[in-house]
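Counting in the numbering used here, the sequence shown tops out at residue 126, every number present.
Cβ atoms here follow ideal geometry from the backbone N, Cα and C, with glycine treated the same way.
Predicted model only: the values in this text are computed from it and were never measured.
In what follows, a single structure is set out as structure tokens and then discussed.
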Amino acid sequence: MQFSLKFLTNLWYKFFPSRTKNGNNGHAKKIDRHVWLILIGLGLTILISFMLPRGRSFKYSDLKEGEVYVGDEIIAPFTFPINKSEDEYKRDVRRAVSEVLPVFDRNDSIRAVELRIAIIGRLQNQ
Numbered sequence: 001m002q003f004s005l006k007f008l009t010n011l012w013y014k015f016f017p018s019r020t021k022n023g024n025n026g027h028a029k030k031i032d033r034h035v036w037l038i039l040i041g042l043g044l045t046i047l048i049s050f051m052l053p054r055g056r057s058f059k060y061s062d063l064k065e066g067e068v069y070v071g072d073e074i075i076a077p078f079t080f081p082i083n084k085s086e087d088e089y090k091r092d093v094r095r096a097v098s099e100v101l102p103v104f105d106r107n108d109s110i111r112a113v114e115l116r117i118a119i120i121g122r123l124q125n126q
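Set out below in structure tokens:
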């Protein structure tokens, strides 16, 4: 460790000759110490950033509470208990069914019947 610090210090003074190693300039030594602390901090930041995972690490990480998930069915790879009594579970299911808005399917045969009724109604009113 001592060898690498001497090497780095000599390298530092080689690139920044205005700061002499043997000089009595206390201000320059103080600046050098802060530069070393900044370099160590930057080095640690870069090292830690390489150790962290890149991109999204979870398949469903973009899901948010309260949003409707429109995709394939999500099935847990493990079983887990529902810690509710049978009555509580049935009550929650009934409440969820009553709160969910109905979804309607388009039926084109009804459209044709309604168009005929509308056309006949207009013809009769004329």
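In this structure, does DSSP put residue i in helix, strand or coil?
i: Ile-82; result: coil
i: Met-1; result: With a pLDDT of 49 at Met-1, under the threshold of 50, the predicted position of this residue should be treated as unreliable, and no value is reported.
i: Gly-71; result: coil
i: Glu-114; result: helix
i: Val-39; result: According to the sequence displayed, residue 39 carries Leu and not Val. Looking at Leu-39 - three-state DSSP - the assignment turns out to be helix.
i: Lys-59; result: coil
i: Ala-76; result: coil
i: Glu-88; result: helix
i: Leu-52; result: coil
i: Glu-99; result: helix
i: Asp-32; result: helix
i: Arg-106; result: coil
i: Gly-66; result: coil
Express the C-alpha separation of residue j and residue i in angstroms, rounding to a whole number.
i: Glu-88; j: Ile-119; result: 52 Å
i: Lys-6; j: Leu-52; result: 31 Å
i: Glu-73; j: Arg-122; result: 48 Å
i: Ser-85; j: Val-97; result: 19 Å
i: Glu-114; j: Phe-78; result: 51 Å
i: Glu-65; j: Ile-46; result: 34 Å
i: Met-1; j: Thr-9; result: Since pLDDT at Met-1 reaches only 49, below the 50 mark, its modelled position is unreliable, and the value read off the structure follows with that caveat. Roughly 12 Å separates the two Cα atoms.
i: Gly-41; j: Lys-14; result: 22 Å
i: Leu-39; j: Phe-50; result: 17 Å
i: Gly-43; j: Asp-32; result: 16 Å
i: Lys-59; j: Val-70; result: 14 Å
i: Ala-112; j: Asp-105; result: 16 Å
i: Ile-110; j: Leu-101; result: 22 Å
i: Asn-125; j: Val-103; result: 35 Å
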